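Colleague:
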Ligand SMILES: [Zn+2]
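In my numbering, the protein residues as written are 692 to 1169.
(1) Please return the same chain residues whose Cβ sits closer than 7 Å to the Cβ of residue 1119, not counting the five positions on each side in sequence.
(2) Taking a contact to mean a Cβ-Cβ separation below 8 Å, would you say residue 1130 touches residue 1165 in this structure?
(3) Determine, using beta-carbon pairs with one atom in the region 908 to 923 and one in the region 884 to 900, whether at least three such pairs fall under 8 Å.
(4) Skipping 5 residues on each side, what residues in its chain have a beta carbon closer than 6 Å to that of residue 1157?
(5) May I ask you to check if the CB of residue 1180 is nearer than 7 Å to at least one heavy atom of ligand 1?
(6) Shorter than 7 Å, the distance from the beta carbon of residue 1097 to the closest heavy atom of ligand 1, or not?
(7) What is the rounded straight-line gap between the Cα of residue 1103 and the Cα of residue 1126?
(8) In chain order, which alpha helix (DSSP H) runs of at least 4 residues are fully inside the region 916 to 1003?
(9) Where do the ends of the beta strand (DSSP E) carrying residue 1031 lie?
(10) With a threshold of 7 Å, establish whether the CB of residue 1157 neighbours any heavy atom of ligand 1.
(11) Using CA atoms only, rank isn't needed, just tell me which of 704, 722, 750 and 800 is closest to residue 760.
(12) Is DSSP giving residue 692 helix, strand or coil here?
(13) Enumerated in chain order, which unbroken segments of the beta strand (DSSP E) with a length of 3 residues or greater are wholly contained in the region 711 to 780?
(14) Determine the closest residue to residue 815 out of 873, 797, 959 and 941, with distance taken between C-alpha atoms.
(15) Considering only residues of the same chain and omitting the five flanking positions on each side of residue 805, which have a CB-CB separation below 7 Å?
(16) Starting from residue 871 and walking both ways along the alpha helix (DSSP H), at which residues does that stretch end?
(17) How is residue 1036 classed by DSSP in three states: helix, strand or coil?
(18) Starting from the Cα of residue 1038, find the closest Cα among 1075, 1021, 990 and 822 and give me that residue.
(19) Can you say whether residue 988 is buried or exposed, counting buried as having 16 or more other CB atoms within 10 angstroms of its CB?
(20) Between residue 1145 and the rest of its own chain, which residues show a CB-CB distance below 6 Å, the 5 nearest in sequence each way excluded?
(21) Can you find the residues in the same chain that come closer than 8 Å, C-beta to C-beta, to residue 1108, ignoring five residues on each side of it along the sequence?
(22) Using the Cβ count rule (16 or more neighbours within 10 Å means buried), how would you classify residue 824?
(23) On the three-state DSSP scale, how would you describe residue 698?
(24) If you draw a straight line from the alpha carbon of residue 874 to that of residue 946, how long is it in whole angstroms?
(25) Starting from the C-beta of residue 1068, find all residues in its chain whose C-beta is less than 7 Å away, skip the five residues before and the five after it, and write them out in chain order.
(26) What residue from 1115, 1155 and 1110 has the CA that sits closest to residue 1128's CA?
(27) For residue 1164, verify whether its CB is less than 7 Å away from any heavy atom of ligand 1.
(28) Roughly how many whole angstroms lie between the Cα atoms of residue 1070 and residue 1008?
(29) According to the Cβ coordinates, are residue 736 and residue 952 closer than 8 Å?
(30) Starting from residue 1104, trace the alpha helix (DSSP H) in both directions and tell me its first and last residue.
(31) In whole angstroms, what is the alpha-carbon distance linking residue 692 and residue 734?
(32) Of the choices 1077, 704 and 914, whose alpha-carbon is the least far from that of residue 1137?
(33) Report the CB separation of residue 1185 from residue 1083 in whole angstroms; it is logged as a contact under 8 Å.
(34) Counting C-beta neighbours from all protein chains within 10 Å, is the total for residue 1030 16 or more, i.e. buried, or is it exposed?
(35) State buried or exposed for residue 754, treating a residue as buried only when at least 16 other CB atoms are found within 10 Å of its CB.
(36) Residues in its own chain within less than 7 Å of residue 743 by CB, not counting five upstream and five downstream?
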């Protein structure tokens, strides 16, 4: 441990980089812009995967795997798609010591190769819908990178579905968006805004893009998941057609949607504090750490016996428990270490606790002293489970309170500029991309999303003063 962590409130960016490394989540790689995900960070990612994968399967989706390499000509078939992605492509020109006849793209996303396969798999309306997801890595040549938030290679899931009608595709797009929001709020304890992206912020090649947006600890926004209605754009580029009930050929309607290792970055940035990470119990690799406290060998035996019994009782109840019985570190050092790693609940067990049939608990969601309490050893499983549930909702509520306190409705553009310096603005926008562009140039804030639910009233665009039918969130974003 040693040195103090950079201040969360004063230097958020340094704080983030230090937490990622000191909590043992990830490390820099010898290849610039790539990251090494360490076991503790990978366990957290596996928990994210688990929560999403369960939801996909519950809604009828299945997993498959498509190749890492995509023929260059595929990417060029959809014009907006190639225009959007070409600056970020990694291209393989040589293989086996020879120049390739056709260069291969390392997938930045897989709409094209999956579209190519769907064209062969779909013949008639009876083959629809296809609801496939893949867990994979993708590569986008990023110039400015940050661990978990933006790396050249990252892990994600990408769902790709095809349907018979626009309505079905739109329904699927929104179903996934709702499922992402549910995961973020229920599992990751991150309150999110759900909305449509503006034309300039949408996915290259999509008809409509939707996203979930979260406020980070420095009040910047992070797009934590996207769901796209692709319309018939990719179906037309790849000839994905079906014969309808009247034996007429129709183009399919597609969707694609993804959540990446960015979600881990969001969890760090939404919940962390000056002591380090704070992980939501639902996703935490270790939910409870037990620290035995003793001096002298005679007491040691009694304490360790009590700790072992307690740990197996909690594990039998389905909790993820770690006993920190390392002898080379003091209890105080261990407390700091597990606080840095964001473990939701710490149990301290010393001779007094064993003798009196009690446990000392320290909650990670509350500042040091206020998070301490004593519970009875008898019925520990029930009490500890109850505390974890409380911690889960308290982390969510703290994040929601923080977001609400830092979101404002500006009365004019001057006020708008002040608000986006240090928070989110919720305001009228006429829909003209030129206003959006000017706002971004002048304030560095971008439109984050257009909430699905609008009041139905009308206002005046915060930038140009023209009539506006929708309110939009603007913020500086990662
Ligand atoms: Zn305007």
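Glycine residues also receive a C-beta, built at the ideal position from the N, C-alpha and C atoms. None of the values given here were measured: they were computed from a predicted structure.
Modeller: This is what the structure gives:
(1) As a working note, residue 1119 is residue 428 in the chain shown. So the qualifying residues of the chain are 1150, 1151, 1152, 1153, 1159 and 1162.
(2) Mapped onto the chain shown, residue 1130 falls at position 439. Mapped onto the chain shown, residue 1165 falls at position 474. For residue 1130 and residue 1165, yes; Cβs fall inside 8 Å.
(3) yes
(4) As a position in the chain shown, residue 1157 is number 466, starting the count at 1. These residues qualify, in order along the chain: 1121.
(5) The structure shown does not extend to residue 1180, since the chain spans only 692 to 1169, so no value can be given for it.
(6) Here the question's residue 1097 lines up with position 406 in the chain shown. No, the beta carbon of residue 1097 sits no closer than 7 Å to any heavy atom of ligand 1.
(7) To locate residue 1103, count along the chain shown from 1; it is residue 412. To locate residue 1126, count along the chain shown from 1; it is residue 435. Cα to Cα, residue 1103 sits roughly 14 Å from residue 1126.
(8) 924 to 929 and 953 to 962
(9) Indexing the chain shown from 1 puts residue 1031 at position 340. Element bounds for residue 1031: not the beta strand (DSSP E) but the alpha helix (DSSP H), 1022 to 1031.
(10) Counting from 1 along the chain shown, the entry for residue 1157 is found at position 466. Checking the Cβ of residue 1157 against ligand 1 gives yes.
(11) The residue labelled residue 760 in the question sits at position 69 within the chain shown. Closest by alpha carbon: 800.
(12) Taking the chain shown and counting its residues from 1, one reaches residue 692 at position 1. Confidence at residue 692 is low in this model, with a pLDDT of 49, below 50, so its placement is unreliable and the value that follows should be read with caution. In this structure, residue 692 counts as coil in the three-state DSSP scheme.
(13) 717 to 719, 726 to 728 and 760 to 762
(14) Your numbering for residue 815 matches position 124 in the chain shown. Of the listed residues, the one whose Cα sits closest to residue 815 is 941.
(15) Counted from its first residue, the chain shown places residue 805 at position 114. 757 and 851.
(16) In the chain shown, counting from the first residue as 1, residue 871 sits at position 180. Residue 871 -> alpha helix (DSSP H) spans 857 to 873.
(17) Taking the first residue of the chain shown as position 1, residue 1036 is located at position 345. It is a strand residue.
(18) Sequence index remark: in the chain shown, residue 1038 carries index 347 (1-based). Comparing Cα-Cα distances from residue 1038 to each of 1075, 1021, 990 and 822, the minimum goes to 1075.
(19) Taking the chain shown and counting its residues from 1, one reaches residue 988 at position 297. Exposed.
(20) Here residue 1145 corresponds to residue number 454 of the chain shown, with the count starting at 1. So the qualifying residues of the chain are 1161.
(21) Working through the chain shown from its first residue, we reach residue 1108 at position 417. Cβ within range, chain order: 1133 and 1134.
(22) Here residue 824 refers to the residue found at position 133 when the chain shown is read from its first residue. Looking at its Cβ environment, which holds 16 or more other Cβ atoms inside 10 Å, residue 824 is buried.
(23) Stepping through the chain shown from its first residue, residue 698 is reached at position 7. Correct three-state label for residue 698: coil.
(24) Position 183 of the chain shown, counting from 1, holds the residue named residue 874. Position 255 of the chain shown, counting from 1, holds the residue named residue 946. Residue 874 and residue 946: Cα-Cα distance of roughly 19 Å.
(25) Here residue 1068 corresponds to residue number 377 of the chain shown, with the count starting at 1. Same-chain partners within the cutoff: 1048, 1049 and 1050.
(26) Here residue 1128 refers to the residue found at position 437 of the chain shown. The residue with the shortest Cα to Cα distance from residue 1128 is 1155.
(27) Here the question's residue 1164 lines up with position 473 in the chain shown. For ligand 1, not one heavy atom lies less than 7 Å from the Cβ of residue 1164.
(28) Along the chain shown, one-based indexing puts residue 1070 at 379. Along the chain shown, one-based indexing puts residue 1008 at 317. Cα to Cα, the separation comes out at about 11 Å.
(29) Taking the chain shown and counting its residues from 1, one reaches residue 736 at position 45. Taking the chain shown and counting its residues from 1, one reaches residue 952 at position 261. In this structure, residue 952 lies closer than 8 Å to residue 736 by Cβ.
(30) Residue mapping note: residue 1104 aligns to position 413 of the chain shown, counting from 1. Taken as a continuous stretch (DSSP letters only), the alpha helix (DSSP H) holding residue 1104 covers 1104 to 1112.
(31) By 1-based counting over the chain shown, the position of residue 692 is 1. By 1-based counting over the chain shown, the position of residue 734 is 43. Per-residue confidence for residue 692 stands at a pLDDT of 49, beneath the threshold of 50, marking its modelled position as unreliable; the derived number appears in the next sentence. Looking at the two C-alpha atoms, the distance is approximately 22 Å.
(32) On the chain shown, residue 1137 is found 446 positions in, with the first residue counted as 1. The option with the nearest alpha carbon to residue 1137 is 914.
(33) Lying before the first or after the last residue shown, residue 1185 is absent from the chain, which here runs from 692 to 1169.
(34) Looking up residue 1030 in the chain shown gives position 339. Its Cβ being crowded by 16 or more others within 10 Å, residue 1030 is buried.
(35) Residue 754 sits at position 63 when you count from the first residue of the chain shown. Exposed, since its Cβ has fewer than 16 Cβ neighbours within 10 Å.
(36) Looking up residue 743 in the chain shown gives position 52. So the list reads 848, 874 and 950, once near-sequence residues are dropped.
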